[in-house]
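Under the numbering used here, the first residue of the sequence shown is numbered 17, with each subsequent residue one higher. Okay, structure first, notes after.
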Amino acid sequence: MTGDLFAGDNSSVTSYAPLADRMRPRTLDEVVGQTDAVGPGTMLQQAIAKGQIPSVIFWGPPGSGKTSLARVIANSTDSVFVAFSAVLQGVKEIRQLVDQARARLQRDGKRTILFVDEIHRFNKSQQDSFLPHVENGTINLIGATTENPSFEVNAALLSRCRVVKLLPLTPDDLRRIVEAALSDTERGLGATPMRLTDDAMTLITHSADGDARRALNAVEILHGLDLPTGDDGVCVADLTAAKEALQQKSIVYDKTGEMHYDVISAFIKSVRGSDPDAALYYLARMIEAGEDAMFIARRLVILASEDIGNADLRGLPLAVATMQATHMVGLPEARINLAQCTAFLACAPKSNRAYMAFEAAHAEVKRSGALEVPLAIRNAPTKLMKELGYHKGYQYDHDYEHHHAGQQFLPDELTGTVFYDPSDEGQEKSIRERLEWLRARAGANIE
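Shown next as structure tokens:
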């Protein structure tokens, strides 16, 4: 059974409830998709079959079934389901719920599933308030979050819960859910039938971005429209009607959450991988979702040095100019500047050798510490320093042929060490050829 302060079981859902709420699965058999999480042989499926209730963190995007699965677990294990919002409630309410759960367990032997929606919105101390009650079995905690729990749930609580990752539902999954809602006469729309054309169904199931709630909301809106009737007397929703129901869909993107990092990561990797089409696609995703244009521009400046480097010396100046243009112009026009820079950097020859050279030099500094700078290239502003040999023997490169004396600059312990090894890509090939000549010349001079 489910119930208590904030929710009733599915059987009590009235016809006034939204279609997405009425169509929540009641058993594991009714769950569509998420076979990796609750399919045959999974930890959750076996635990539910044995009547066991693990404490779980469901991590997944909106509409992937986090709340529904928590209710299914409660239904399947004869437990009381108590819903709790991390947005609206706090520690005081947690204490009340725990007291009720303890009394219920002692009085009726009923276990309580405390479902905490958006658990990532609790701070660390609030999350700690669950720990003793999860440990002693007073409650079984099921948390739901759209954010990576590794970052948003404290380690102590995370160690006491299983993390189950839910994926966005596929268009085929959403089609099954929509078809079930259209045919269900008890909870769905089957009492007043409606049929979707193939184009309308495809649009809805693909526009929902894996979110069952979004797909069912669109179908419910469709059902309320004035639709034409087919030869069989059933209302028909075509592509035009589906577009009207969907209107301007919002892109799934959280500027402060994991999706933010996933998309910018995909954008950077696409530029690095020389795929301008993918890079422009992810750029469009970010701009459509309202990402900060200056954030994108700053990332382009970074990758211009990190991934293009000296292979194309135009990359960094263009990226800096793009950042300046974005600052001066702003969106929506700055999207043109960002697109130009993105396409150029994606198509440019690539080299990370300068960046890797610094990393190698940095590693050497950490390994060997502050080695002595050769006396010849030290500064000598005082008489004492000159007497100690500072600056003695320094060779002024402009006094030599090719403006290159070939003197030693690295500390003695690192003589001959090579950090920068230019590639054969783009302009860096010319740099490599010149550097090889300079190094050979310096070696001959030293010998």
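The beta-carbon is built from N, C-alpha and C at its ideal position, and this holds for glycine as well.
Is it true that the CB of residue j sits closer than 8 Å to the CB of residue i?
i	j	result
N326	T342	no
T11	R111	Outside the displayed range of the chain (17 to 463) lies residue 11, so it cannot be described from this structure.
I73	P165	yes
D323	N368	yes
L296	A376	no
T213	D254	yes
V179	L157	no
T431	Q424	yes
L464	V287	Only positions 17 to 463 of the chain appear in the structure, and residue 464 is not among them; the question remains open.
L44	V88	yes
A309	L347	yes
Among the options, which one has its Cα closest to the Cα of residue i?
i	options	result
E134	K82, R127, E322 and T154	K82
D225	L173, R301 and Q142	R301
D413	A458, D37 and R383	A458
S95	A350, G125 and R38	G125
A456	H420, S439 and D428	H420
I303	I318, R351 and G432	R351
T221	S446, P244, L262 and L183	L262
S281	I312, E151, C251 and T398	I312
A171	A396, D293 and N139	N139
A373	P438, V107 and L219	P438
H418	V150, L243, L451 and L329	L451
Please look up how many angstroms separate the CB atoms of residue i and residue j, rounded, as I've assumed it's under 8 Å.
i	j	result
T9	P78	The chain is shown only over 17 to 463; residue 9 falls outside these bounds and no answer can be derived.
V98	T128	6 Å
G442	P365	3 Å
M217	V194	7 Å
V345	V317	Contact doesn't hold; Cβ gap of about 16 Å is too wide.
I69	T93	5 Å
C177	S71	4 Å
Return helix, strand or coil for residue i, following the three-state DSSP convention.
i	result
F243	The residue asked about is misnamed: residue 243 is Leu in this sequence, not Phe. Coil, per DSSP.
D133	strand
R180	Looking at the sequence shown, residue 180 is not Arg but Val. Of the three classes helix, strand and coil, the one that applies to V180 here is strand, per DSSP.
F97	strand
N91	helix
V54	helix
V107	helix
A36	helix
Q443	coil
T83	helix
N170	coil
L121	helix
V434	coil
D189	helix
N476	Since the displayed the chain opens at 17 and closes at 463, residue 476 lies outside it and no answer follows.
A350	helix
I73	strand
A253	strand
T162	coil
R127	coil
L404	coil
R211	strand
E5	What the structure shows of the chain is the stretch from 17 to 463, and residue 5 is not part of that stretch, so it cannot be assessed.
Out of curiosity, what's the CA-to-CA distance linking residue i and residue j?
i	j	result
L387	E380	10 Å
M17	G206	Confidence at M17 is low in this model, with a pLDDT of 37, below 50, so the placement of that residue should be treated as unreliable; the coordinate-derived value is given next. So the alpha carbons of these two residues sit roughly 27 Å apart.
D115	L130	12 Å
Y277	A362	19 Å
N91	R42	7 Å
K259	L190	17 Å
F234	I64	For the record, residue 234 in the displayed sequence is Ala; it is not Phe. Approximately 33 Å between the Cα atoms of the pair.
S27	Y298	Any answer about S27 is weak, because its pLDDT of 42 lies below 50 and its placement is not dependable; what the coordinates show is given next. So the two alpha carbons sit approximately 43 Å from each other.
S446	F435	17 Å
V250	V54	36 Å
D20	R137	Unreliable positioning characterises D20 in this predicted model, as indicated by a pLDDT of 41, which lies under 50. The coordinate reading is nonetheless provided below. Cα to Cα, the separation comes out at about 23 Å.
L404	E168	58 Å
L329	E449	16 Å
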